[in-house]
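Chemist: For reference, the structure I am asking about is given below.
Protein chains in written order, with the working numbering: chain R, 6 to 206; chain D, 6 to 206.
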């Protein structure tokens, strides 16, 4: 009889463990729930704060001005304290920063897909996507802004702290001029840079 | 005594179930194992065949020629039969296809990150990334190539079949001119378009 009780306890324990395991992956990625789709500024800022990587496009020096997209990590601030401006840690050994230093026109594209909340195809309009177009500028070395940006980058991407010192990594930011957001059917949603930057969670 | 045996059986069953659950996510995504990093062509083709979305960059008509990256789904062929050329299903309601029809210069960037095999940060060189630069061209309507491309796209992205007929979706392909691949430390790996296209799995 005692064994039957123990048996029941073990079964309950395993079911609880299964529940925890099934939800652990989503819990690690998501720290804030997806906002209401009608709140366009909240949707855009949520995408930027929750994601960790995207594609940064510049005008290629090597390939006759072709748009060159490059997979990069980024951060828009410390957890819960992002300002919506994406900061990058780029080496001049890589074409993206060299392109930007010659011609700053750039865009940064991110998808909801890596966050894990998409129920449909990554190109379905209900799976949000955002493209910020603007100028990719190097942040002044030694400035307060660079210090804050580095802290934000290294907090979201701890590995960056160990990237080789000799590789000339520099902090860049995208100064946003235009916002292209799709977070539902009906084409790009209207949102100004001001609405985006002023948004507070 | 019989109960103890049953208890042991139940415990073994749950551990097996846990093992299956822990690996099921990776199994769904991966159909071919990651190739040896020294085989550069295999690495690039594997990234293209296993991924389902990336960022397609064109030169923006609306934003003074700025590079405009856009999250898109794609396919390079039927499962196990890809040819390395990414095909897209784009509507002219969207800026990317309109940009390409004016100036075909484009690039397509993908990351290993969505495949689920990255052990480190998405920007760490061991997490592969690929940028194909070239010309984004509309595939001739009614051609054999368009038929094959649609089959490849609809097989990888079944939802595309239901996208609104009135939205003027057209098949585009990236004619590759240059390949930028990072799949380990030491910068971009040398690979020609010919080596990439000729590769057979």
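The C-beta atom is built at its ideal place from N, Cα and C for all residues, glycine as well.
Just so we're clear, the structure is a prediction, and the values are computed from it rather than from any experiment.
For residue 156(D), go through chain R and note every residue whose CB falls closer than 7 Å to its CB, in chain order.
Modeler: None at all; the shortest Cβ gap to chain R is about 17 Å.
Chemist: Distance, Cα to Cα, residue 184(D) vs residue 52(D)?
Modeler: Each residue's Cα considered, the two are about 13 Å apart.
Chemist: Give every residue of the same chain whose Cβ lies closer than 6 Å to the Cβ of residue 134(D), excluding the five residues on either side of it in the sequence, and list them in chain order.
Modeler: Cβ neighbours of residue 134(D) beyond the five flanking positions: 116, 187.
Chemist: With a threshold of 8 Å between beta carbons, is residue 159(R) in contact with chain D?
Modeler: No, its Cβ sits nowhere closer than 8 Å to a Cβ of chain D.
Chemist: If we count the other Cβ atoms within 10 Å of its Cβ and call it buried at 16 or more, is residue 127(D) buried or exposed?
Modeler: Label assigned to residue 127(D): buried.
Chemist: DSSP beta-bridge partners for residue 75(R)?
Modeler: For residue 75(R), which the question treats as bridged, DSSP gives the partners 61(R).
Chemist: Are there 16 or more other CB atoms within 10 angstroms of the CB of residue 62(D), so buried, or fewer, so exposed?
Modeler: So residue 62(D) ends up on the buried side.
Chemist: Could you confirm whether any beta carbon from chain R is found closer than 8 Å to the beta carbon of residue 134(D)?
Modeler: It does: the Cβ of residue 134(D) has a partner Cβ on chain R nearer than 8 Å.
Chemist: Return the first residue and the last residue of the alpha helix (DSSP H) that residue 48(R) is part of.
Modeler: Its alpha helix (DSSP H) spans residues 45-55.
Chemist: Step through the CB atoms of chain R and report whether any lies within less than 8 Å of the CB of residue 195(D).
Modeler: Chain R, which has no Cβ nearer than 8 Å to the Cβ of residue 195(D), makes this no.
Chemist: Please list the segments of the beta strand (DSSP E) lying wholly inside the region 88-130 of chain R, counting only runs of 3 or more residues, in order along the chain.
Modeler: Correct list: 92-96, 110-116.
Chemist: DSSP puts residue 146(D) in a beta bridge; with which residues?
Modeler: None, per the DSSP bridge assignment.
Chemist: Looking at the secondary structure, which residues open and close the alpha helix (DSSP H) in which residue 200(R) lies?
Modeler: Looking at the DSSP string, the run of the alpha helix (DSSP H) that includes residue 200(R) is 198-203.
Chemist: Return no unless some Cβ of chain D is closer than 8 Å to the Cβ of residue 189(R).
Modeler: So, not an interface residue.
Chemist: Between which two residues does the beta strand (DSSP E) carrying residue 183(R) extend?
Modeler: Taken as a continuous stretch (DSSP letters only), the beta strand (DSSP E) holding residue 183(R) covers 174-187.
Chemist: Below 7 Å on C-beta distance, what does residue 90(D) contact in chain R?
Modeler: Neighbours of residue 90(D) on chain R: none; closest Cβ ~17 Å, over 7 Å.
Chemist: Give a yes or no on contact between the region 37-44 of chain D and the region 76-94 of chain R, applying the rule of three or more CB pairs nearer than 8 Å.
Modeler: The region 37-44 of chain D, when compared against the region 76-94 of chain R, does not touch it at the 8 Å Cβ threshold.
Chemist: Please state whether the Cβ-Cβ distance between residue 90(R) and residue 178(R) is less than 8 Å.
Modeler: Against a cut-off of 8 Å, the Cβ pair of residue 178(R) and residue 90(R) comes out as a contact.
Chemist: Rounding to the nearest angstrom, what Cα-Cα distance links residue 14(D) and residue 37(R) in this structure?
Modeler: When rounded, the distance between both Cα atoms is 41 Å.
Chemist: So is residue 136(D) buried or exposed if we call it buried at 16+ other beta carbons inside 10 Å?
Modeler: Residue 136(D) should be labelled buried.
Chemist: Looking at residue 112(D): is its Cβ nearer than 8 Å to the Cβ of residue 132(D)?
Modeler: No, they are not a contact pair.
Chemist: Alpha carbon to alpha carbon, how far is residue 57(D) from residue 79(R)? Give it in angstroms, no decimals.
Modeler: Going from the Cα of residue 79(R) to the Cα of residue 57(D) covers about 22 Å.
Chemist: Given a cut-off of 8 Å on the beta-carbon distance, is the pair residue 175(D) and residue 64(D) in contact?
Modeler: Going by C-beta atoms, residue 175(D) is not nearer than 8 Å to residue 64(D).
Chemist: Which residues of the region 57-70 of chain D have a Cβ closer than 9 Å to any Cβ of chain R? Give them in chain order.
Modeler: From the region 57-70 of chain D, only 57, 58, 59, 60, 61, 62, 63, 64, 65, 67, 68, 69, 70 have a Cβ closer than 9 Å to chain R.
Chemist: Determine the direct distance from the alpha carbon of residue 194(R) to that of residue 201(R), and round the result to whole angstroms.
Modeler: Going from the Cα of residue 201(R) to the Cα of residue 194(R) covers about 12 Å.
Chemist: From this set, 190(D), 121(D), 59(D), which residue's C-alpha is nearest residue 172(R)'s C-alpha?
Modeler: Per the Cα distances, 190(D).
Chemist: With a threshold of 8 Å between beta carbons, is residue 35(R) in contact with chain D?
Modeler: A caution first: residue 35(R) carries a pLDDT of 48, below 50, which makes its placement in the model too unreliable to give a value.
Chemist: Where DSSP assigns a beta bridge to residue 80(R), which residues make up the other side?
Modeler: 92(R).
Chemist: Residue 134(D) bridges to which residues according to DSSP?
Modeler: In DSSP, residue 134(D) forms a bridge with 116(D), 187(D).
Chemist: What is the rounded straight-line gap between the Cα of residue 145(D) and the Cα of residue 156(D)?
Modeler: If you take the alpha carbons of residue 145(D) and residue 156(D), they lie about 15 Å apart.
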